[in-house]
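S.K.:
Number of protein chains: 2
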Amino acid sequence: MVARKRVSPPGLRVVNLGTLDDAIGFHLRRAQDASFRAFASSAGRHDLKPGHFAALLVIVNNPGIGQGALGQAISRDKSSVTPIIQTLFNRGLIDRQTSAFDRRRIQLSITTSGRALLRRLVPHVRAHDRKLDTIAGADKPVLLRALRRIANEIS
Amino acid sequence: MVARKRVSPPGLRVVNLGTLDDAIGFHLRRAQDASFRAFASSAGRHDLKPGHFAALLVIVNNPGIGQGALGQAISRDKSSVTPIIQTLFNRGLIDRQTSAFDRRRIQLSITTSGRALLRRLVPHVRAHDRKLDTIAGADKPVLLRALRRIANEIS
DNA sequence: TATTGTTATACTCTATAACTATA
DNA sequence: TATAGTTATAGAGTATAACAATA
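Here the protein sequences come in this chain order: R and W.
When you read off a place in the first sequence, starting at 1, and then add 182, the result is the number in my numbering.
When you read off a place in the second sequence, starting at 1, and then add 182, the result is the number in my numbering.
1. Tell me the rounded alpha-carbon separation between W:Gly250 and W:Leu202.
2. Report the three-state DSSP secondary structure of R:Arg278 (helix, strand or coil).
3. Applying the 10 Å Cβ sphere with the 16-neighbour rule, what's the burial state of R:Val324?
4. Excluding the 5 residues preceding and the 5 following R:Leu275 in the sequence, name in chain order all residues of the same chain whose CB lies nearer than 8 Å to its CB.
5. Give me the Cα-Cα distance between R:Gln279 and W:Arg258, rounded to the nearest whole angstrom.
6. Give me the Cβ distance between W:Ser217 and R:Ile336, rounded to the nearest whole Å; I'm assuming they're in contact under 8 Å.
7. Between which two residues does the beta strand (DSSP E) carrying R:Ser291 extend?
8. Can you tell which of W:Leu326, W:Ile206, W:Ser261 has its C-alpha closest to the C-alpha of R:Phe221?
9. Give the secondary structure of R:Ile332 by DSSP, where H, G and I count as helix, E and B as strand, and everything else as coil.
10. Can you list, in chain order, the residues of the segment 228-247 of chain R whose Cβ is nearer than 8 Å to any Cβ on chain W?
11. Should W:Gln268 be labelled buried (16 or more other beta-carbon atoms within 10 Å of its own) or exposed?
12. Measuring alpha carbon to alpha carbon, tell me which residue in W:Val197, W:Val196, W:Gly200, W:Leu210 is nearest R:Asp315.
13. Determine, for R:Arg331, whether the minimum Cβ-Cβ distance to residues of chain W falls below 9 Å.
14. Can you name the residues that DSSP bridges to W:Ile247?
15. Express the C-alpha separation of W:Asp311 and W:Pro305 in angstroms, rounding to a whole number.
16. Where do the N-terminal and C-terminal ends of the alpha helix (DSSP H) with W:Asn272 fall, by residue?
17. Can you tell me whether W:Lys231 is helix, strand or coil according to DSSP?
18. Using 9 Å as the limit for Cβ to Cβ distance, is W:Val263 near chain R?
19. For W:Val242, which of helix, strand or coil comes out of DSSP?
20. Can you find a C-beta in chain W that's less than 9 Å from the C-beta of R:Arg211?
21. So which residues of chain W does R:Gln214 contact, with C-beta pairs closer than 7 Å?
22. Could you check how far apart the C-beta atoms of W:Leu329 and R:Ala213 are, in whole angstroms? I think they sit under 8 Å.
23. I need the boundaries of the alpha helix (DSSP H) containing R:Ala220, first residue and last residue.
24. Within 9 Å (strictly less), CB to CB, does W:Asn198 reach chain R?
25. Take the Cβ of W:Gly319 as the centre, count every other Cβ of all protein chains shown within 10 Å, and call the residue buried at 16 or more, exposed below.
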């Protein structure tokens, strides 16, 4: 009697996750991972990664914002913000203007071409958001509330 | 009249996140990020990172599991599983045994010392889980349901 | 002295592709 | 030919620390 495909390890078809299956952190990672990949393969294919997109959105919504505040908004260190800003600037998507009040500060704003890219991207981003919204369905408000709390309150 | 601290950019104290504030993906990333850091600085300080811990948990719950199936369980490529397994093995936390049925397959199982580490770690992990559970409160079932759906259904 | 942003650097996590050995 | 696991390698993404300019 020959050992056949799949027969070898007895009863291992379904992986038992144990307590992991009840751990919010574990599912948080899987969901974030899946969502990130899905975003990257739709909007990301169109030349703007999630991080860059988020930064651009913050800038368009907060013209004149500095890199420190931007970093806080997207929860990144200022040293992580620098390369993002450089990319956006090199592509002509944003402007940098030294503040007249404080010459250490650089005021960020979106350019016409940045707006154009955003417009071009919005449908894809919307599609991604809608996918998530559809999946979350009526759970969305509760989901967002829980996620916000986790991000803000955990220590 | 001298320009004083914080006065320069008019009205920028609070960052306006715009549509980002309504995007599940954005909050997913922030929550996952915060949760990961919190875990790393409690249980992680005790020598096992989230990824390694998750792998060890899957192994303890599925003795004899192979690296492919393990990777599927934690949503990682087999090439990402290899270094995790090596670390766990080098620390004597798991055993690898070639399957008698299929000598390509390596059956993973936890060692006594792996169990001991797990026991030692459980309080910290529990504390982290409890923190998340407390924050999620009554929202937890809905949160988990939404996270599972996102991980499984998004494309 | 403190703060804004940059640079240099390094670390973690991950995947792709090519490989070995088995099947 | 196909599959389990390894290796080599590369690329994102991020942070820490030291720095320059300015406050």
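Glycine included, every Cβ here is placed at the ideal spot set by N, Cα and C.
M.R.: According to the structure data:
1. Within the second sequence, numbered from 1, the residue matching residue 250 of chain W stands at position 68. Within the second sequence, numbered from 1, the residue matching residue 202 of chain W stands at position 20. For W:Gly250 and W:Leu202, the distance between alpha carbons rounds to 37 Å.
2. One-based indexing of the first sequence puts residue 278 of chain R at position 96. Of the three classes helix, strand and coil, the one that applies to R:Arg278 here is strand, per DSSP.
3. Sequence index remark: in the first sequence, residue 324 of chain R carries index 142 (1-based). So R:Val324 ends up on the buried side.
4. In the first sequence, counting from the first residue as 1, residue 275 of chain R sits at position 93. Excluding sequence neighbours, R:Leu275 sits near Leu238, Ile292, Thr293, Ser295, Gly296, Leu299.
5. What you label residue 279 of chain R is simply residue 97 of the first sequence in a count that begins at 1. What you label residue 258 of chain W is simply residue 76 of the second sequence in a count that begins at 1. Those two C-alpha atoms are separated by around 43 Å.
6. Your numbering for residue 217 of chain W matches position 35 in the second sequence. Your numbering for residue 336 of chain R matches position 154 in the first sequence. So it is a contact: roughly 6 Å between Cβ atoms.
7. Within the first sequence, numbered from 1, the residue matching residue 291 of chain R stands at position 109. 288-292 is the span of the beta strand (DSSP E), which, as asked, contains R:Ser291.
8. Within the first sequence, the letter at position 39 stands for residue 221 of chain R. If we check each option's Cα against that of R:Phe221, W:Ile206 comes out closest.
9. Here residue 332 of chain R is taken as the residue at index 150 of the first sequence, counted from 1. Note: R:Ile332 maps to helix in three-state DSSP.
10. Pro232, Ala236, Leu239, Val240, Val242, Asn243, Asn244, Gly246, Ile247
11. Residue 268 of chain W sits at position 86 when you count from the first residue of the second sequence. Its Cβ having fewer than 16 others within 10 Å, W:Gln268 is exposed.
12. Translated into positions along the first sequence, residue 315 of chain R becomes position 133. Checked all of W:Val197, W:Val196, W:Gly200, W:Leu210; the closest Cα to R:Asp315 is W:Leu210.
13. Numbered from 1 along the first sequence, position 149 holds the residue referred to as residue 331 of chain R. Yes, R:Arg331 lies at the interface with chain W (some Cβ there is under 9 Å from its Cβ).
14. Numbered from 1 along the second sequence, position 65 holds the residue referred to as residue 247 of chain W. Answer by DSSP bridge pairing, in chain order: W:Leu290.
15. As a working note, residue 305 of chain W is residue 123 in the second sequence. As a working note, residue 311 of chain W is residue 129 in the second sequence. Answer to the nearest angstrom: the Cα atoms are 10 Å apart.
16. Counting from one through the second sequence, the residue named residue 272 of chain W turns up at place 90. Per DSSP, W:Asn272 belongs to the alpha helix (DSSP H) from 260-272.
17. Locating residue 231 of chain W in the second sequence gives position 49, counting from the first residue. Coil at W:Lys231, not helix or strand.
18. Counted from its first residue, the second sequence places residue 263 of chain W at position 81. No, W:Val263 lies away from the interface with chain R (no Cβ there is under 9 Å from its Cβ).
19. As a working mapping, residue 242 of chain W is identified with position 60 in the second sequence. It is helical.
20. Residue numbering aside, residue 211 of chain R sits at position 29 when the first sequence is read from its first letter. Cβ-Cβ to chain W under 9 Å: yes for R:Arg211.
21. As a working mapping, residue 214 of chain R is identified with position 32 in the first sequence. Going along chain W in sequence order, the residues near R:Gln214 (Cβ under 7 Å) are Leu210, Arg211, Gln214.
22. The residue given as residue 329 of chain W occupies position 147 in the second sequence. The residue given as residue 213 of chain R occupies position 31 in the first sequence. At roughly 4 Å, the Cβ-Cβ gap stays under 8 Å, so W:Leu329 and R:Ala213 are in contact.
23. The residue given as residue 220 of chain R occupies position 38 in the first sequence. First-last of the alpha helix (DSSP H) with R:Ala220: 206-224.
24. For the purposes of this step, residue 198 of chain W is taken as the residue at position 16 of the second sequence. Judged by the 9 Å Cβ criterion, W:Asn198 is in contact with chain R.
25. Locating residue 319 of chain W in the second sequence gives position 137, where the first residue counts as 1. By the 10 Å Cβ count, W:Gly319 comes out exposed.
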